[in-house]
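Q: Numbering (our numbering), first residue to last: 206 to 727.
Here it is, the structure in full.
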């Protein structure tokens, strides 16, 4: 039977798509750019998978009448709120979530709850279209590197090879294998999670079995990635580095899916054999079918007034107003630094630096900061502290403060003993709470202090930066701020307490001077 959709429905959907494209143009552009990253290349396929599942439900959707529901304004308005948090807070992922909620809200507004239930799986898939924020991706990737390295070493030792691990570097005697960000397994975990989600959707079984199938994809992907690392180490010793590297970066990626998919199918077969829940699952399916039939019979379609539907008019007005305010009102004034940071004194108390360092152009393009200083200061004993301040006149999407928690793990540093410390800066009761981390990588150990200075506030977390940026953009038209980072190496025969004392001493001497450069509350 041919299924017809009224031209007015196509026109309404098309207008919504145009408005969403206009309002979220920068977020959508960044999202498409993120799909080019190997960890998120699978995201480009999700819209096509969604279209398939929508097409599969076309008959059900066509047979069910559309019943506009004002309840859809709940996700719609929540999505609009997230848009402003992302817009003023300088965070793209918040806007991705805003798009997701907005689409769900619009569909709900025009079609009602029963059609939302039919469309629930495509909407769940849509959530996987969006790349994670960089600071989350790096943290997850680094955690996966360490887990994969540990299991990979265990597998090599089971095989009979001498292997030990230091951070994400595996020493197998005649060479070292470094499990870098690209080898973390994130690019295998996400596609396997989506694949297991689709299999769970098709799996006619009790809900707990479906959840178990989906959850099992994560340890399965980690295990397969560790196996891939172990096989690379074995091939390295047998066939040489060229063959091992070719296996590692080529066929081994496909091997994960060639092995993991049959394992998931086998898991489904075994779960199906657990017959104690089979009858209950069949009963649940029957009840669901009966409920659908009841809903179809009981609902009567409301009158369709096309472009004059209240839900359509209100939604369009909100979307247009959102765009006009975001483009027509300047919520952020550029607040210049009090004094250029290249005027920061190279001698502060007993601490002195010969010269300041310059960041490479490729880093400046990524950081997009307004001013900075980076210098190595030494005390009378010759012990060194690296001092880095990055100042931003106005933080926007893609042009905001970067956390060391994002950058340093990507450089191979393992953050250990992370936490916060409180440092008294002057003789008065003034003190600041800051982040502290002990960082390790092969051949080097460091202790770092870092924090964010935001318009008279000192904060320690990036999410606080985003929220304060949002609030201050609304109330003060300001989003200026700075990252301050101190790093000192752990010298031979030194303890962590020695490094802490050195950093605290440097901090007490330099912070009062730094206040002369950074804008305050007013």
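Even glycine gets a Cβ: it sits at the ideal position worked out from N, Cα and C.
1) Can you tell me whether DSSP reads residue 556 as helix, strand or coil?
2) So, helix, strand or coil for residue 477, using DSSP?
3) Considering Cα atoms alone, identify which of 593, 573, 377, 571 is closest to residue 560.
4) Measure the alpha-carbon distance for residue 253 versus residue 327 and round it to whole angstroms.
5) So, is residue 285 buried or exposed, given that buried needs 16 or more other C-beta atoms within 10 angstroms?
6) Put residue 324 into one of helix, strand or coil per three-state DSSP.
7) Where does residue 715 fall in DSSP's three states?
8) Is the separation between the beta-carbon of residue 595 and that of residue 580 shorter than 7 Å?
9) What first and last residue would you give for the alpha helix (DSSP H) that runs through residue 424?
10) Quick one: Cα of residue 713 to Cα of residue 707, how far?
11) By the 10 Å Cβ neighbour count, where 16 or more other Cβ atoms means buried, how is residue 638 classified, buried or exposed?
12) Using CA coordinates, which residue listed in 434, 725, 392, 401 is at the minimum distance from residue 473?
13) Assuming residue 266 and residue 323 form a contact by the criterion Cβ under 8 Å, report the distance between their Cβ atoms to the nearest whole angstrom.
14) DSSP three-state call for residue 505: helix, strand or coil?
15) Apart from the five residues on each side of it in sequence, which residues of its chain come closer than 6 Å, Cβ to Cβ, to residue 243?
16) Does the stretch 349-368 come close enough to the stretch 413-433 that 3 or more CB-CB pairs lie under 8 Å?
17) Name the one or two DSSP bridge partners that residue 649 has.
18) Give me the DSSP bridge partner(s) of residue 621.
19) Any idea if residue 622 is buried or exposed, counting beta-carbon neighbours within 10 angstroms, 16 or more meaning buried?
20) Run through DSSP, which three-state label would residue 238 get?
21) Helix, strand or coil for residue 626 per DSSP?
22) Pick from 516, 513, 665, 413: whose alpha carbon is nearest that of residue 477?
23) What are the boundary residues of the alpha helix (DSSP H) that includes residue 317?
24) Taking residue 538 as the reference, give the member of 727, 462, 416 with the closest Cα.
25) Can the beta-carbon of residue 608 be found less than 7 Å from the beta-carbon of residue 684?
26) Compare the C-alpha of residue 363 against each of 421, 415, 438 and name the closest.
27) Using the C-alpha atoms, what's the distance from residue 518 back to residue 424?
28) Residue 313 and residue 331: beta carbons closer than 7 Å?
29) Ordered along the chain, which non-local residues of its own chain (more than five positions away) have a Cβ less than 7 Å from that of residue 239?
30) Taking the CB atoms as reference points, tell me whether residue 723 and residue 687 lie closer together than 7 Å.
31) Please report the Cβ distance between residue 353 and residue 427, rounded to the nearest whole angstrom; I am assuming they are in contact, meaning their Cβ atoms lie under 8 Å.
32) Tell me which residues share the same chain as residue 807 and place their Cβ nearer than 6 Å to its Cβ, disregarding the 5 neighbours each side in the sequence.
33) Keeping to the same chain, check which residues put their C-beta closer than 6 Å to that of residue 232; ignore five residues upstream and five downstream.
34) So, for residue 554: in the same chain, excluding its five sequence neighbours on each side, which residues have a beta-carbon less than 7 Å away from its beta-carbon?
35) Under 6 Å from any heavy atom of the ligand COA, does the C-beta of residue 712 make it?
36) Residue 342 to residue 395, Cα distance in whole Å?
A: Taking the structure as given:
1) strand
2) helix
3) 593
4) 10 Å
5) buried
6) coil
7) helix
8) no
9) 412-444
10) 10 Å
11) exposed
12) 401
13) 6 Å
14) Residue placement at residue 505 cannot be trusted, given a pLDDT of 41 that sits under 50; the coordinates are not used to answer.
15) 392
16) yes
17) 646
18) 643
19) exposed
20) helix
21) strand
22) 413
23) Note, residue 317: premise wrong, no alpha helix (DSSP H); not H, not E.
24) 727
25) no
26) 438
27) 48 Å
28) no
29) 245, 336
30) yes
31) 6 Å
32) No information on residue 807 is available, as it lies outside the stretch 206 to 727 that the chain covers here.
33) 297, 300
34) 714
35) Here there are no bound small molecules, and the ligand COA is not part of this structure.
36) 12 Å
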